[in-house]
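Engineer:
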Amino acid sequence: MTPPRAYGGLIAVTLVLVAALAGPAEAQPQDLDALLQKTREARANDAETLEARVQRFREARDARAAETREAQRRRDAAVARSEALLAEFDRNEAALTERQAQLDARSGNLGEVFGVVRQVAGDFASQSQNSIVTLEHPARQARLDRLASATALPSAEALEQLWLDLMQEIVATGKVSRFVAPVIDASGAVSDTEVVRVGPFTAIADDRFLVREPAAEAFTALPAQPPRALRQRAEALSEAPVGAVQRVDVDPSRGALLGVLVQTPRLGERIRSGGWVGAVIMALGLAGGVLAVERFFVLARVGARMRRQRKAIASPTPDNPLGRVLRVYTQQPDLAPETLELKLDDAVLREVPALEARLVWLKILAAVAPLLGLLGTVTGMILTFQQITLFGTGDPKLMAGGISQALMTTVQGLIVAIPMVLLHAMLNARSKALIQVLEEESAGLIAEQSERRPQGLASDGVGDGV
């Protein structure tokens with residue numbers, strides 16, 4: 001079959017011949033021979049090109065057939081190997097089942113023992129992960145983890161080591177030990193520090209209380225340390241020689257109580273949580289305290305002088321209210337009782353304001369302080385409700401500020417009001433007692449003058465009659 005490209009060559013030659021025949025009749029015969037020769041050469045070239053292409057196609061076909069046969073051979077080999085491996089897998093699985101049955105038959109109760117050992121090791125590993133004793137013996141945790149996750153029967157050495165680790169933990173509960181361990185400070189730096197361990201409960205470095213940091217396998221200092229008294233006892237234990245008896249505070253919850261203790265607000269933090277209302281209440285309380293102290297010393301000094309004056313009625317002095325009242329009588333001893341009574345009443349009334357001075361302010365502060373506390377409570381609750389409206393109730397910390405202000409201002413108001421009421425009552429009673437002394441002494445002078453006055457009048461009448 002002649003290829004399509006050959007037909008194209010014949011068509012081209014035919015067109016050339018037609019064009020040549022249609023030319024002038026006088027064309028030379030040699031031009032036709034040359035044209036025929038070119039046509040033959042072109043046809044020969046096309047045939048060679050076509051043959052070369054056919055040959056390349058045949059070679060490519062043979063190569064693809066060889067590759068196909070090779071792939072089929074490899075596939076057959078893989079299928080055969082897969083079948084062999086599956087057969088071997090079945091044989092191994094059957095052998096494994098048989099060996100497992102033999103192992104179960106020979107081990108007997110050892111399987112239950114192995115389960116108990118794994119359970120004990122797992123429980124102890126969980127406890128040891130948070131124990132401060134583990135940092136003194138860092139290799140223990142890895143042994144326990146391996147034993148808890150083992151799939152084979154434990155060896156006698158492993159069982160003995162587990163027993164030793166358990167005994168070590170028991171002994172450590174009643175022992176104070178010193179060792180060097182990594183400690184993470186507040187800046188995040190890790191340093192090897194001498195640590196004093198009090199049983200499994202408390203760890204101390206100098207005057208700092210430490211807690212276990214499981215993620216870092218190190219101790220970390222509490223972000224806020226307990227009160228100074230506890231730190232002083234901890235420092236004394238750190239500096240005490242070996243064998244000395246020293247008092248120290250122990251956290252039986254192994255860190256939980258210390259965490260709660262350091263989170264407890266200090267007095268200053270509680271006062272600041274009251275906000276500006278709490279500050280006003282505390283300022284009023286301070287002013288009331290200063291006023292009460294001043295009134296106490298003034299009334300005490302006046303009372304002491306009046307007691308001395310009562311022992312020396314005949315020689316009144318002007319440095320005390322009683323002396324000034326008595327001077328009214330001694331300066332005008334011949335006054336009529338009615339006139340003397342008026343003058344003494346006037347002298348007593350002049351002394352009363354000084355004795356009762358500024359006591360009314362204590363009474364006012366005692367009434368205003370709880371009202372300010374109520375104001376702070378209302379303000380704090382309004383703030384809390386505003387935060388709930390904006391952020392919801394998902395995060396209690398957002399509401400803590402308003403609730404703290406609401407509660408602390410009430411507490412501060414009561415703390416100020418209750419002492420103010422007691423101080424006012426005490427000082428008012430003291431001033432009333434001093435005023436009572438003045439009234440008693442003035443009444444006594446009037447009575448004495450009244451007794452003397454009729455005798456004087458009678459003596460005058462007898463003399464006149466004579």
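Sequential numbering from 1 applies to the sequence shown in our numbering.
Note that CB positions come from ideal geometry on N, CA and C, so glycine has one too.
Report yes if the CB atom of Gly444 is closer than 9 Å to the CB atom of Ala406, and no otherwise.
Structural biologist: Position 444 of the sequence shown, counted from the first residue, corresponds to residue 444. Position 406 of the sequence shown, counted from the first residue, corresponds to residue 406. Not closer than 9 Å, so no.
Engineer: Given this structure, state the Cα-to-Cα distance separating Leu153 from Asn130, to the nearest angstrom.
Structural biologist: In the sequence shown, counting from the first residue as 1, residue 153 sits at position 153. In the sequence shown, counting from the first residue as 1, residue 130 sits at position 130. Approximately 27 Å, taken between the alpha carbons.
Engineer: Helix, strand or coil for Val352, going by three-state DSSP, please let me know.
Structural biologist: By one-based count along the sequence shown, residue 352 stands at place 352. If DSSP states are grouped into helix, strand and coil, Val352 belongs with the helices.
Engineer: Which whole-angstrom value describes the C-beta separation of Val176 and Val196, a residue pair presumed to lie in contact below a C-beta threshold of 8 Å?
Structural biologist: Numbered from 1 along the sequence shown, position 176 holds the residue referred to as residue 176. Numbered from 1 along the sequence shown, position 196 holds the residue referred to as residue 196. Cβ-Cβ separation between Val176 and Val196: approximately 7 Å, consistent with a contact (criterion under 8 Å).
Engineer: I'd like the span of the beta strand (DSSP E) that includes Asp192, first residue to last.
Structural biologist: The residue you call residue 192 lines up with position 192 of the sequence shown. Run containing Asp192: 190-198, per the beta strand (DSSP E) assignment.
Engineer: Shortest alpha-carbon distance to Ala229 belongs to which of Arg247, Phe219, Glu217, Leu267?
Structural biologist: For the purposes of this step, residue 229 is identified with residue 229 of the sequence shown, where counting begins at 1. For the set Arg247, Phe219, Glu217, Leu267, the Cα lying nearest the Cα of Ala229 is the one of Arg247.
Engineer: So what does DSSP say about Glu26, is it helix, strand or coil?
Structural biologist: Reading the sequence shown from its first residue, position 26 is the one you call residue 26. With a pLDDT of 45 at Glu26, under the threshold of 50, the modelled position of that residue is not reliable, and no figure is offered here.
Engineer: Tell me, please, which residues DSSP counts as bridged to Ala158.
Structural biologist: As a working mapping, residue 158 is identified with position 158 in the sequence shown. Paired residue(s): none; Ala158 is not in a bridge.
Engineer: Starting from Thr389, trace the alpha helix (DSSP H) in both directions and tell me its first and last residue.
Structural biologist: Within the sequence shown, residue 389 is the residue found at index 389, counting from 1. Its alpha helix (DSSP H) spans residues 359-391.
Engineer: Using DSSP bridges, identify the partner residues of Phe297.
Structural biologist: Position 297 of the sequence shown, counted from the start, is the residue given in the question as residue 297. Looking at the DSSP assignment, Phe297 forms no beta bridge with any residue, so it has no partner.
Engineer: May I ask which residues mark the beginning and end of the alpha helix (DSSP H) holding Glu136?
Structural biologist: For this step, residue 136 is matched to residue 136 along the sequence shown. Its alpha helix (DSSP H) spans residues 133-136.
Engineer: Report all residues from its chain with a CB closer than 8 Å to the CB of Ser252; omit the five preceding and five following residues, and keep chain order.
Structural biologist: Residue numbering aside, residue 252 sits at position 252 when the sequence shown is read from its first letter. Contrary to the premise, residue 252 reads as Pro rather than Ser in this sequence. Hits under 8 Å: Phe201.
Engineer: Going by the beta-carbon positions, is the gap between Leu344 and Ile446 smaller than 9 Å?
Structural biologist: For the purposes of this step, residue 344 is taken as the residue at position 344 of the sequence shown. For the purposes of this step, residue 446 is taken as the residue at position 446 of the sequence shown. Yes, the Cβ-Cβ distance between Leu344 and Ile446 is below 9 Å.
Engineer: Compute the distance between the beta-carbons of Ala369 and Met420, then report whether it is under 9 Å.
Structural biologist: On the sequence shown, residue 369 is found 369 positions in, with the first residue counted as 1. On the sequence shown, residue 420 is found 420 positions in, with the first residue counted as 1. Contact: yes.
Engineer: On a Cα-Cα basis, can you pick out the residue from Leu135, Ser431, Arg64, Glu70 that is closest to Arg295?
Structural biologist: Along the sequence shown, one-based indexing puts residue 295 at 295. For the residues Leu135, Ser431, Arg64, Glu70, the minimum Cα distance to Arg295 belongs to Ser431.
Engineer: Spell out the partners DSSP gives Val171 in its beta bridges.
Structural biologist: To locate residue 171, count along the sequence shown from 1; it is residue 171. DSSP output for Val171 lists no bridge partner at all.
Engineer: On the three-pair Cβ rule with 8 Å, is the stretch 278-296 touching the stretch 410-426?
Structural biologist: yes
Engineer: From the DSSP output, in three-state form, read off Glu239 for me.
Structural biologist: In the sequence shown, the residue the question calls residue 239 occupies position 239. Note: Glu239 maps to helix in three-state DSSP.
Engineer: Whose CA, out of Leu144, Val277, Ala156, lies closest to the CA of Ser113?
Structural biologist: Along the sequence shown, one-based indexing puts residue 113 at 113. It should be noted that the sequence gives Val, not Ser, for residue 113. Comparing Cα-Cα distances from Val113 to each of Leu144, Val277, Ala156, the minimum goes to Ala156.
Engineer: Please list the terminal residues of the continuous beta strand (DSSP E) segment that includes Ala205.
Structural biologist: Taking the first residue of the sequence shown as position 1, residue 205 is located at position 205. Its beta strand (DSSP E) spans residues 202-205.
Engineer: Within its chain, find whatever has a CB closer than 8 Å to the CB of Gln309; leave out the 5 residues flanking it on each side and keep chain order.
Structural biologist: Sequence index remark: in the sequence shown, residue 309 carries index 309 (1-based). Result list for Gln309: Pro316, Thr317, Asn320, Leu322, Gly323, Leu326, in chain order.
Engineer: What residue does the beta strand (DSSP E) around Leu210 start on, and which one ends it?
Structural biologist: The residue labelled residue 210 in the question sits at position 210 within the sequence shown. Counted as a single uninterrupted DSSP element, the beta strand (DSSP E) harbouring Leu210 occupies residues 208-213.
Engineer: Is it the case that the Cβ atoms of Ser128 and Leu144 are separated by a distance below 9 Å?
Structural biologist: The residue you call residue 128 lines up with position 128 of the sequence shown. The residue you call residue 144 lines up with position 144 of the sequence shown. Result yes, Cβ atoms of Ser128 and Leu144 sit closer than 9 Å.
Engineer: Helix, strand or coil for Thr220? Go by DSSP, reduced to three states.
Structural biologist: Walking along the sequence shown from the start, residue 220 turns up at place 220. If DSSP states are grouped into helix, strand and coil, Thr220 belongs with the strands.
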